[in-house]
Every structure is written in C-alpha cells, then in structure tokens.
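What follows is a single structure, written as structure tokens, with notes after it.
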Amino acid sequence: MGVDLKNLRRVAVASAAVTTVLQSATAVIALKKDRRDYADGVWGPGLAAIAITSAALGSGNRLRRWSLAAAVTAWSVRLERQMLSRLGRHDEEDPRYTEFLEGASTAGVVGKVFVTQGLSQLLVSAPVQVAAACGLPRSARRWLFPVGIAVMAGGAIIEALADQQKDRFQQRDDDDKPDVLDTGLWGWSRHPNYFGDSLVWDGAFVAAAASAPATWTIPAPALMSYLLVYATGAKRTERRMQSRPGYRDYQRRVSLFFPWPPTGD
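Okay, structure coming up:
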C-alpha cells in the first residue's frame, strides 16, 4: 500500500523536533559536566521517543506502528539501564570520547557528537517513521510485519544475554578468571551485543517493509550496522583491546561480528 505523504511529513517533522530537544538538553548537561560521553545516555531514549511520536501521530496500520513503538521502547529501557549504570560507575569521561574530541571546540563537540547522533537517530529510525504513515497490504507481504517483530525480539534477547554474560565476567574476582571472555555468545562472536543490536534494527526494517514504500529505507539498517561495526562499535573496541593478554589469539579463533563456530587451536 502507498504512503500518506502528508502524514509522513508530520511524523518526520515531529520526530526531528523531539530529537532536537533531547540532544540539545543532553548537550547542555554534558558540556557543563565535562562529560561528553553522556551522549551515550540519550541514544536509546531518543530512538524510543521517535518511535512513540511516530506511533502517536501516524495514520498507518495501528497495530504495526504501536508494536514497533513497544519493541523499540522495550529495547531502549534495557539499554538505558545499562548505560546509566556504566556512566554512573565512572567519574571521568569515557576515553573514547576524550581521544575522539581532543582539541575540539564547543561547537566542534556539538557538531561531532550531538548533531551527528541526532541525524543518525533520524536516519536509523526511518523505517519506523515510514511504517507509521503506511497501511498494511492484503497480500502475503503483510507477514513481513510479524517476522520483523520476531527478529527484533530475537536481537534484543541476544544483546541482553551478551551484556549479562559480559557483566558477570567483569564482576569475577578469582584466580581462575581468564584474560578474555570467550565462552557463551562471546565464543561465537567477539561482539555479540553489537550483533544483537543490529538485528533489532534489521527487524524494524523488515516489519516496515511489509509496505512497499518502506523498502526504500534499507539504508537505515545498513547505517546502523556500519555504526556498530566501524564507527562507534566493534572496530573501535578492537583497537583498545589489542594489548590485552590473549586478545590476539581470541581474534584468531572467534568471528568479529556475525556469530560463527570458533576455529580450533
């Protein structure tokens, strides 16, 4: 089915406004506290706010737009709990931000971090916004909607389980603790949490693509995967982990991103 362009414009404008408010408020607090890494704390809530705004203002299929909003919000709540816990445990800024923003002016920080993140949120959530302004077709294509929601749920479970396994590993304080976590999901992927996160947004695209116009939003999940692998996720973490004992061997044995059986010694 087609997209209601007038309604889509309304959803897009409102989503942009909500994103601007959240990013601006976070930027003010982050700059005042000299904690640019507070930006991590608004990533999930920002995407949830866009999904809820889209569901509330959209004129498309009611069940789908609110299912997407519920799925994104549930994912966001769990992620936000983890982010707030991580930010609260440290009195100093995440070294990744310090390194990335070294020598940057206030305007530079706002542009590199908060404007860039806001634009990324709007692009990543494009399938959710378009789906909110589309009806569901009567053809078999409509089944992409429940399939996509199932993929989102599966991705969220993988991400949550990976984070739980990582937290348990970090909390261990015994002589038998290995240098590198290479069991559970971490024995199949070096970054299973990022992989699960990518599945959430792949699923959102699939659910939206039940309506033909949303197919054009495929750059959205591609962007999310790029961010998770190259920009702010796996590759950047890999650079920081290079010097850890046993990590190079771990890299040799275990897949970077997509889960795969580990190779033998």
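Residue 45 in UniProt numbering is what sits at position 45 of the sequence shown, and the numbering runs on without skipping anything.
Note that the Cβ used here is the ideal one computed from N, Cα and C, for glycine as well.
Same chain only: Cβ atoms within 8 Å of residue i, ignoring 5 sequence neighbours per side
i           : result
residue 183 : 165
residue 235 : 229
residue 251 : 190 and 238
residue 87  : 35, 37, 38, 40 and 41
Burial state of residue i, where buried means 16 or more other Cβ atoms lie within 10 Å
i           : result
residue 35  : buried
residue 19  : buried
residue 125 : buried
residue 261 : exposed
residue 242 : exposed
residue 173 : exposed
residue 57  : buried
residue 69  : buried
residue 233 : buried
residue 2   : exposed
residue 71  : buried
residue 103 : exposed
residue 5   : exposed
9 Å Cβ cutoff met for residue i and residue j
i           : j           : result
residue 171 : residue 43  : no
residue 199 : residue 154 : yes
residue 11  : residue 53  : yes
residue 156 : residue 78  : yes
residue 46  : residue 84  : no
residue 247 : residue 180 : yes
residue 108 : residue 158 : no
residue 50  : residue 15  : yes
residue 130 : residue 8   : yes
residue 48  : residue 75  : yes
residue 128 : residue 65  : yes
residue 193 : residue 162 : yes
residue 67  : residue 149 : yes
residue 259 : residue 143 : no
Chain-order list of residues whose beta-carbon lies under 7 Å from that of residue i (same chain, five-residue window excluded)
i           : result
residue 215 : 209
residue 151 : 199, 202, 203 and 206
residue 245 : 179
residue 218 : 205
Own chain, CB closer than 6 Å to residue i, minus 5 neighbours either side, in chain order
i           : result
residue 141 : 210
residue 255 : 189
Scan the stretch 109-158 and note each continuous beta strand (DSSP E) run of 3 residues or more that stays entirely inside, going in chain order. none
Given 8 Å as the limit, is there contact between the stretch 85-105 and the stretch 47-63, that is, 3 or more CB pairs closer than that? no
Taking contact to mean 3 or more Cβ pairs, one atom from each stretch, closer than 8 Å, check whether the stretch 23-38 and the stretch 102-115 are in contact. yes
Inter-stretch contact at 8 Å, needing at least 3 Cβ pairs: the stretch 123-140 / the stretch 210-228: yes
What runs of the alpha helix (DSSP H), each 4 residues or longer, lie entirely inside the stretch 187-252? 192-208, 219-226 and 234-241
Report the residue ranges of all alpha helix (DSSP H) runs contained in full by the stretch 87-111; include only those spanning at least 4 residues, in chain order. 95-100 and 106-109
Which runs of the alpha helix (DSSP H) at least 4 residues long sit entirely within the stretch 9-78? Give them in chain order. 40-57
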